[in-house]
Every structure is written in structure tokens, then in C-alpha cells.
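S.K.: Numbering (the working numbering), first residue to last: 1 to 118. We put the CB at the ideal spot given by N, CA and C, even for glycine. Just so it is clear, the structure is predicted and the values come from calculations on it, not from any experiment.
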């Protein structure tokens, strides 16, 4: 079974989950606001995604107010920021075996549904 890291209050995440479930995909769901991501979970995501930066959302409402747009962030910075603040995780993140799908772009969602319904 696939696992999805999402935010239950995010309408985009809810739409993606509904669309995937209608295609017959079942998820173990983890709401990242109420059940924070552990360092081990984030490490596993990073190994599949290739970097912490690939998991980091610059669209978080805290990105600019914290002045992060003016800094040269390192991989360790991305890791620490995601662990400190759930909104820095690009969502949703779906893990199925050795496959990972990060974000909500149409291309990523379509690829995720196509590969997981097989």
C-alpha cells in the first residue's frame, strides 16, 4: 500500500487523494500537521527524491517572512526547516515501494495515478 504525506486542510491534497482513490489507489494517510514527519521518514523521502531541496516548498507562507529567499540554503538547512515546520514540505508526497511522487503539479499527479493503479 502507498503512503501519502498530506495536509488534511489543503484542498489540493484532498482533490488529489479523491482522484487517486477513484482510480482504485489506496493510501495509508499521514496528516503532517497532526502527525509530524520524523527524521527517519524525511531521510527515506530524501533517498528516493535525491535531495532535501526536492522536497522543500518555497511556496510556504513562511518562506519570505523568514527571509529565506535571500539566503543560500544548504541541504542541511532544507532538512532542518522541513523538520521544524511542516509547511516547508512540498505536498503531497506519495511513497510506494521505491517510487516517490512529490508535489501537486498535473504531470506528477497523472504519473502517480498511472503508475500506482497498475
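Among 36, 52, 101, which residue has its Cα nearest to the Cα of residue 85?
M.R.: Among 36, 52, 101, the Cα nearest to that of residue 85 belongs to 36.
S.K.: If we ignore side chains and look at the alpha-carbon of each, how far apart do residue 43 and residue 8 end up?
M.R.: Those two C-alpha atoms are separated by around 23 Å.
S.K.: To which residues does DSSP link residue 88 through a beta bridge?
M.R.: DSSP, once it has assigned bridges, lists no residue as partnering residue 88.
S.K.: Please state whether DSSP places residue 30 in a helix, a strand or coil.
M.R.: Residue 30: strand per DSSP, three-state reduction.
S.K.: With H, G and I counted as helix, E and B as strand and the rest as coil, what does DSSP make of residue 99?
M.R.: Of the three classes helix, strand and coil, the one that applies to residue 99 here is strand, per DSSP.
S.K.: Is it true that the region 43-59 meets the region 13-33, where meeting means three or more beta-carbon pairs spaced less than 8 Å apart?
M.R.: No contact exists between the region 43-59 and the region 13-33.
S.K.: Our contact map puts residue 94 next to residue 4 with C-beta atoms below 8 Å; I'd like the distance itself, whole angstroms only.
M.R.: Rounded, the Cβ-Cβ distance is 5 Å, consistent with contact.
S.K.: Candidates 55, 14, 87: which alpha carbon is nearest residue 66's?
M.R.: Considering only alpha carbons, the answer is 87.
S.K.: So which of 116, 114, 111, 106 has the shortest CA-CA distance to residue 12?
M.R.: Nearest C-alpha to residue 12: 106.
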